[in-house]
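J.: Using my numbering, read the sequence shown as starting at 237 and increasing by one per residue.
This is the structure I want to talk about, given as structure tokens.
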Amino acid sequence: MENKNLSEQIRELLKTLNFSDKLTEQAIADLEKIVAIRYYNKLVSILPDDVVSVIPNDQKNYEEVIHQAEKHIAQDILEKTLLQIVREVITEYFEAVTE
């Protein structure tokens, strides 16, 4: 998953988990945003403070945080973290739409 952007990774995971055919394009776009925010927050929380602190506040964006995470966190941990977040969000989504 290294050479793909976050959106592509999320869509690939949805397809792997057999959910992409059960969702509208708008639902997928909404889920991507939710997953991206949670993934960003999770990465910020697990990156060392000295790494996060050197990212200028005006540049604390997804790309820079993900770039730093790729340098400091093992790829398999990043993939497992993203998969876990996708599963959580998809579970919450289907619980909400079936209530």
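Glycine included, C-beta positions come from ideal geometry on N, C-alpha and C.
Please name the residue in Ala332, Leu318, Val280, Gln262 whose C-alpha comes closest to that of valine 271.
T.: The residue labelled residue 271 in the question sits at position 35 within the sequence shown. The option with the nearest alpha carbon to valine 271 is Leu318.
J.: According to DSSP, simplified to helix, strand and coil, what is lysine 278?
T.: Counted from its first residue, the sequence shown places residue 278 at position 42. Reduced to three states, the DSSP call for lysine 278 is helix.
J.: Less than 8 Å separating the beta-carbons of arginine 274 and isoleucine 313?
T.: Sequence index remark: in the sequence shown, residue 274 carries index 38 (1-based). Sequence index remark: in the sequence shown, residue 313 carries index 77 (1-based). Contact flag unset, no.
J.: Quick check on the DSSP output: the alpha helix (DSSP H) that includes threonine 327 runs from which residue to which?
T.: Working through the sequence shown from its first residue, we reach residue 327 at position 91. Here the alpha helix (DSSP H) through threonine 327 covers 311-333.
J.: Going by the CB atoms, is the gap between leucine 279 and isoleucine 302 shorter than 8 Å?
T.: Position 66 of the sequence shown holds residue 302. Position 43 of the sequence shown holds residue 279. Yes, the Cβ-Cβ distance between isoleucine 302 and leucine 279 is below 8 Å.
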